[in-house]
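In this note's numbering, the protein residues as written are 5 to 490. We put the beta carbon where it would ideally sit given N, CA and C, even for glycine. Bear in mind the structure is a predicted one, so any value in this text is a computation, not a measurement. See below for the structure under consideration.
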């Protein structure tokens, strides 16, 4: 954005056309831009922006587009709202009564009894991009829980986006430290340049995009993360660690097939090359990681997290309903390609796609870009009542202050956290248990509803005696009595 603005300045133009010029700029750079625009005496600026503070400080007139007609008003945004009270939503962050966003509730996580228990941790993490001479992050320690409402703040280039990419698995620590997450944790992520999620699919409708992205039940974006890519060094370690001696015979690990609970961790079913499934064995998680199979373990964990989150039917009706929770009408979902949609509509698609898997934690990098004030207010209200954790990177003070209790201040690659409730273990918060009647419908990969088995009714003593006599009489008559009737 800075480069685009610098290029525009070099033209020494008579008219500057600025479409969302504050996107991706921190507070210092926005203040500089305000001063620059107000200092121009021989240049007219025509600005499209959702940043009400910026507009209020820079404009002298408002061109109001309403019902396909343009009307001009003298004065800044504040004066315009006084003249047109129904346009108050342009200036304040208040959600309309009939315009709301709704985020899906996350499923329960095994072993998590309170909202304070950590699901995602960093311990003394450092990171440096190979192409850079200076390290980007130093000694980062933090944690995230279901109750987290975190604003990640700091100037441009301070390491905010790099920090979040390490948390979600787009990057791996390379200067020490570790990132840990709950094996069944699902994270919904929207990048700083939100449109990069859909840039290669603009000729698809939102429906077609969702059918492509979740065609296997897994998120296709997950498969491309660095935490899923196996390097040559890791391949070599897996080859060496994949030799297992069973009853004096050497075997070579082929695949990790499934997993089951083992005390406070898991153990995994291992298949061997050129051997039948009857020869499979179970191996503890820690041992597999020591043998170099950490990424294979994480791959299976991701699949299991999807299964435990209950597959949603990937059908038009369900997808349209999901996007309706973000204010996107069915006709845009099914019949319009994304190339023809507005920036705000595209952001709603990105938000909807990121939350399809019912995430436990939502990470939003500059979510206010391209969203109008009304949609922004609706998103804030939805995040306030969301049952999972929230991390946002934003330069929008109204947005962060109305939502976040916890602040991670980044400066020169170092983190200063405040307002957090980090705990060891479960913490002292209220217990989270699914109440009776709250179970959601479950679907298979083809979208067919799975009927839940009904529990057998327990017979009274007299009913049991009567049933037993009936079975004896039926046997005497030569009828077949099945064992589950016993």
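Cut-off 8 Å between Cβ atoms - residues of its own chain near residue i, not counting five sequence neighbours on either side
i, result
"residue 36", "none"
"residue 277", "255, 256, 257, 258"
"residue 91", "68, 84, 85"
Sequence-distant residues of the same chain with beta carbon closer than 6 Å to residue i, five excluded per side
i, result
"residue 472", "none"
"residue 156", "164, 397, 412"
"residue 480", "none"
"residue 417", "140, 141, 142, 163"
"residue 214", "323"
"residue 93", "377, 378"
"residue 427", "120"
Own chain residues within Cβ distance below 7 Å of residue i, not counting five before or after
i, result
"residue 392", "110, 150, 363, 364, 365, 366"
"residue 178", "131, 132"
"residue 248", "255, 257"
"residue 31", "399"
"residue 63", "51, 80, 81"
"residue 284", "261, 273, 274, 275"
"residue 241", "296"
"residue 293", "301"
"residue 420", "413"
"residue 423", "409, 410, 411"
"residue 184", "125"
"residue 58", "26, 34, 38"
"residue 289", "269, 270, 271, 272, 301"
Residue i classed as buried or exposed, judged by whether at least 16 other C-beta atoms fall within 10 angstroms
i, result
"residue 13", "exposed"
"residue 21", "exposed"
"residue 182", "exposed"
"residue 201", "buried"
"residue 353", "buried"
"residue 331", "buried"
"residue 469", "exposed"
Whole-angstrom distance between residue j and residue i, CA atom to CA atom
i, j, result
"residue 68", "residue 76", "6 Å"
"residue 11", "residue 18", "14 Å"
"residue 187", "residue 305", "6 Å"
"residue 400", "residue 387", "16 Å"
"residue 383", "residue 198", "15 Å"
"residue 169", "residue 28", "17 Å"
"residue 159", "residue 192", "24 Å"
"residue 85", "residue 402", "18 Å"
"residue 425", "residue 356", "29 Å"
"residue 222", "residue 232", "13 Å"
"residue 48", "residue 38", "14 Å"
"residue 122", "residue 268", "15 Å"
"residue 281", "residue 250", "15 Å"
"residue 220", "residue 227", "11 Å"
"residue 328", "residue 286", "44 Å"
"residue 146", "residue 127", "7 Å"
"residue 442", "residue 9", "Annotation note: pLDDT 45 at residue 442 (below 50); position unreliable, no value reported."
"residue 351", "residue 373", "8 Å"
"residue 6", "residue 34", "10 Å"
"residue 252", "residue 310", "38 Å"
"residue 3", "residue 333", "Any answer about residue 3 is impossible in this case: the structure gives the chain only from 5 up to 490."
"residue 259", "residue 237", "19 Å"
"residue 464", "residue 113", "37 Å"
"residue 349", "residue 66", "24 Å"
"residue 440", "residue 108", "Caution is warranted here: a pLDDT of 39 is assigned to residue 440, below 50, making its placement in the model unreliable, and the coordinate value is therefore given only provisionally. Using only the alpha carbons, I get a separation of about 19 Å."
Start and end residues, beta strand (DSSP E) containing residue i
i, result
"residue 201", "Element bounds for residue 201: n/a, residue is neither H nor E."
"residue 365", "365-369"
"residue 420", "418-422"
"residue 349", "No beta strand (DSSP E) holds residue 349; the alpha helix (DSSP H) holding it covers 347-358."
"residue 23", "19-23"
"residue 431", "Residue 431 -> no beta strand (DSSP E), and no H or E assigned at all."
"residue 123", "122-131"
"residue 2", "The first residue shown for the chain is 5 and the last is 490, placing residue 2 beyond what the model contains."
"residue 76", "73-78"
Expected contact under 8 Å - CB spacing of residue i and residue j to nearest Å
i, j, result
"residue 211", "residue 337", "5 Å"
"residue 436", "residue 119", "6 Å"
"residue 410", "residue 154", "5 Å"
"residue 230", "residue 176", "6 Å"
"residue 378", "residue 103", "6 Å"
"residue 208", "residue 341", "6 Å"
"residue 54", "residue 369", "That pair is no contact at about 17 Å."
Enclosing alpha helix (DSSP H) for residue i [first to last residue]
i, result
"residue 334", "334-338"
"residue 170", "164-172"
"residue 326", "320-328"
"residue 2", "Since the first and last residues shown for the chain are 5 and 490, residue 2 lies out of range."
"residue 210", "210-217"
"residue 160", "Premise fails: residue 160 is in no alpha helix (DSSP H) and is neither H nor E."
"residue 412", "Segment 410-415 is the beta strand (DSSP E) holding residue 412; no alpha helix (DSSP H) there."
"residue 32", "31-43"
"residue 147", "Here residue 147 belongs to no alpha helix (DSSP H); instead the beta strand (DSSP E) covers 141-149."
"residue 11", "6-14"
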